[in-house]
Structures are given as structure tokens and as C-alpha cells.
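Asks: Under my numbering, think of the first position of the sequence shown as 1, with each following residue one higher. Quick reminder that beta carbons are idealized off the backbone N, C-alpha and C, glycines included. What follows is a single structure, and I will ask about it in a moment.
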Amino acid sequence: MSERTAPDETALAPPASASSTTVRTAPRQGEKLRGEDKVARIPVKIAPSDPSQRLRKPAWIRAPFPGTPEVQRLKRILRENRLHTVCEEASCPNLGECFGHGTATFMIMG
Numbered sequence: 001m002s003e004r005t006a007p008d009e010t011a012l013a014p015p016a017s018a019s020s021t022t023v024r025t026a027p028r029q030g031e032k033l034r035g036e037d038k039v040a041r042i043p044v045k046i047a048p049s050d051p052s053q054r055l056r057k058p059a060w061i062r063a064p065f066p067g068t069p070e071v072q073r074l075k076r077i078l079r080e081n082r083l084h085t086v087c088e089e090a091s092c093p094n095l096g097e098c099f100g101h102g103t104a105t106f107m108i109m110g
């Protein structure tokens, strides 16, 4: 039988820069996180590129959110019952299409 050696502790230790960063507390129930707050608790950090060098998408590629009465009715029902859909949490670009048809997708016990 071959002997097993213990893993090197330095390989398991977090990088030195990780100890200097602050980890934010978990969000309160029902609190919606956006932008930087959404990924702030992830331990792996990716440095953003220089904003002046990023290419923006053309204006014609962005579809306006349909503010139809059906969409507003479904959103009102969801908020009254304190529910959030998978599509809302993922910031799905097709949200208006599904909500417009009266469809809402939920993850249960997931």
C-alpha cells in the first residue's frame, strides 16, 4: 500500500489579498441586489476593464420593456404575494414576453 501525504496547507490557504477585502453580509430576505452588490460576496474577484475602452451596444439592439397592462397586473400580483420569479432574479431580457402571456416561472426548493 502506498502512503498518503497530507495536502500542503499553503495550497489550501486563501490568497493574501483575500484577507484584506471585506466580505459583505448576506442580504435580507426579499432584498434585491443589483450591479456590484450582486457579485460582492463571490470570493473570486475579476478586475473590470477600463470603461473607456469598452464598446457599447448600439441603441437599436436594446428592446424597450413592454409596459403592457398584463405585465403590470402580473407584477402587482407577484409583489402582493411577496414572490419573485426565476426570470426576474436572472434579469432575463424576455421577461416582458412571458409576463405578457401571463406566464411566471418559479424555482421551488432549489
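#1: Assuming F99 and E70 make a contact with CB atoms under 8 Å, what is their CB distance in whole Å?
#2: Along the alpha helix (DSSP H) that carries D37, what are the first and last residues, could you check?
#3: Does the Cβ of A90 have 16 or more other Cβ atoms within 10 Å, making it buried, or fewer, making it exposed?
#4: Where does G102 sit, in a helix, a strand or coil, going by DSSP?
#5: Just to confirm, is the Cβ distance from G30 to L74 under 9 Å?
#6: Where does I46 sit, in a helix, a strand or coil, going by DSSP?
Replies: With the structure as the only source:
#1: 7 Å between Cβ atoms; contact.
#2: 36 to 39 is the extent of the alpha helix (DSSP H) around D37.
#3: Label assigned to A90: exposed.
#4: Of the three classes helix, strand and coil, the one that applies to G102 here is coil, per DSSP.
#5: The criterion of a C-beta distance shorter than 9 Å is not satisfied by G30 and L74.
#6: In this structure, I46 counts as coil in the three-state DSSP scheme.
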